[in-house]
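Beneath this line is the structure, given in structure tokens, with notes to follow.
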Amino acid sequence: MEELKRIGVFTKVVQAKSFSEAARRLGIAKSAVSKHIRLLEQEVGVRLINRSTRKLSLTEVGEVYYRHCQQIVDRAEIALNELRQYQDQPTGTLRISSPVAFGRAMLIPVIKELRSLYPSLNIDLELNDEVVNMVEEGIDLAVRVGQLKDSSLVARKLCDIPIVTFASPEYLAVNGTPQRPLDLIEHQWLALSFLPTPIVGQFKDKRTGEFVEHRINSGLKSNSIDAIIDAAAQGLGISALVKATVEEHLKAGRLVSVLNDYELEPRSVYAVYPHREHLPPKVRVFMEFLKKHCENASWVLDNKP
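Counting in full-length UniProt numbering, the sequence shown runs from 1 upward without gaps.
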């Protein structure tokens, strides 16, 4: 069993490209990781990993050995997942990735309820507004909003959420309130930097059903949704985001919705995971909880006819 444990540590070091990161993912000390690798190299009689102060790299023999070790680890995980299918309660650690604002607004309540029912299930929540590589980062499930790009992953649609255009009352008092999409050219637009430039907003007129497409040039960009929300709340301009991320600000009056006679195309929310087969109970249960919360959320129900 010790040999299998060392093989598992070795594959994790290769995937993490760092002894420290491998230790964090495994939940053990860095010194323990180093010891496992040292003993493994002693057992096989060759150096597997080249170490330097800046990075790690596999030796030629290490690359061959890693391929075989990965097959062993994959088979062991499949066997373990099949056994877990017979368990009534999900256990272990569930690693989740989500956009920052959506994770804070939606996932924290889900995690609270889930943990109250399954206290043996630990959650590792990674909040990042940029798409992460799930396999490299060891993510079990990712929540993604909008169009999906990676077709190698399995995706389950959870719900559609509306987009709201908003600004602070102070900004509107100084600059006026836009009445139609064309008016946005006279305003400061706050945009997410990972969206195409210039921004193309396709607004639907709720009264006529007609679509109005308008290009919007942004005066301020950020890769953080929270930064865009803060900038709008401080009167720097107008923006549009999924309603879930700004609902509390709207209720508190820090932000107000504009262009209420128009709507942007809703965004779809997906639960994404690497493999379709042998879905662990911890992933399956979390998806069911999240889908229920999404379908019952006020910002989804408010948008239903």
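Glycine included, C-beta positions come from ideal geometry on N, C-alpha and C.
What whole-angstrom Cβ distance do residue i and residue j have, given they're in contact under 8 Å?
i      : j      : result
VAL73  : ILE28  : VAL73 to ILE28, Cβ: 16 Å. No contact.
LEU94  : MET287 : In fact, because the Cβ distance is near 11 Å, the residues do not count as touching under 8 Å.
ILE225 : PRO99  : 6 Å
PHE203 : LEU241 : Wrong, their Cβ atoms sit about 15 Å apart, outside the cutoff.
ALA252 : LEU190 : Actually they are not in contact, since the Cβ atoms of ALA252 and LEU190 sit about 19 Å apart, beyond 8 Å.
LEU158 : VAL269 : 5 Å
LYS5   : LEU56  : About 20 Å separates the two Cβ atoms, so there is no contact after all.
SER20  : LYS30  : 5 Å
LEU40  : LEU48  : 7 Å
DSSP on residue i, reduced to helix/strand/coil?
i      : result
GLN70  : helix
HIS214 : strand
ASN296 : helix
VAL143 : strand
GLN234 : coil
ARG51  : strand
VAL13  : helix
SER31  : helix
LEU148 : coil
GLU130 : coil
VAL46  : coil
LEU182 : helix
VAL61  : helix
VAL224 : Contrary to the premise, residue 224 reads as Ser rather than Val in this sequence. In the structure shown, SER224 sits in coil (DSSP, three-state: anything other than H, G, I, E or B).
GLY8   : helix
Report buried or exposed for residue i, applying the criterion of at least 16 other Cβ atoms within 10 angstroms of its Cβ.
i           : result
VAL46       : exposed
ASP261      : exposed
ALA173      : exposed
GLY237      : buried
HIS68       : exposed
GLN179      : exposed
LEU182      : exposed
LYS149      : exposed
ILE185      : exposed
LEU107      : buried
VAL13       : buried
SER116      : exposed
GLN147      : exposed
ALA101      : buried
residue 307 : Not covered by the structure: residue 307. The range shown for the chain is 1 to 305.
ARG54       : exposed
PHE166      : buried
ILE78       : exposed
ARG25       : buried
PRO198      : Only weak support is given to the placement of PRO198: the predicted model assigns it a pLDDT of 49, under 50, and the value that follows is read from those uncertain coordinates. Exposed: under 16 other Cβ atoms inside 10 Å.
THR11       : buried
SER52       : exposed
GLU295      : exposed
GLN234      : exposed
GLY219      : exposed
ALA23       : buried
SER120      : exposed
Go through its chain and collect everything with a Cβ distance to residue i's Cβ below 6 Å, but skip five positions before and after it.
i      : result
VAL164 : LYS243, SER257
GLU113 : none
ARG156 : ALA271
LEU279 : none
ILE96  : LEU125, LEU141
LYS291 : LEU158
Could you check whether the Cβ of residue i sits closer than 8 Å to any Cβ belonging to chain C?
i      : result
PHE286 : Within the model displayed, chain C is absent; a lone protein chain is all it includes.
Determine which residues share a DSSP beta bridge with residue i and list them.
i      : result
GLY92  : LEU121
ALA155 : VAL272
GLN202 : GLU213
ARG267 : ILE161
SER116 : None, per the DSSP bridge assignment.
SER98  : LEU127
Return the chain-ordered list of same chain residues with a C-beta closer than 8 Å to the C-beta of residue i, the five sequence neighbours on each side being excluded.
i      : result
PHE289 : VAL110, GLU113, LEU114
Cβ of residue i within 7 Å of any heavy atom in the ligand MN?
i     : result
ILE28 : Of the ligands one can find in the structure shown there are none, so the ligand MN has no counterpart to examine.
Leaving aside the five residues before and after residue i along the sequence, list all residues of the same chain whose C-beta is less than 7 Å from its C-beta, in chain order.
i     : result
GLU60 : none
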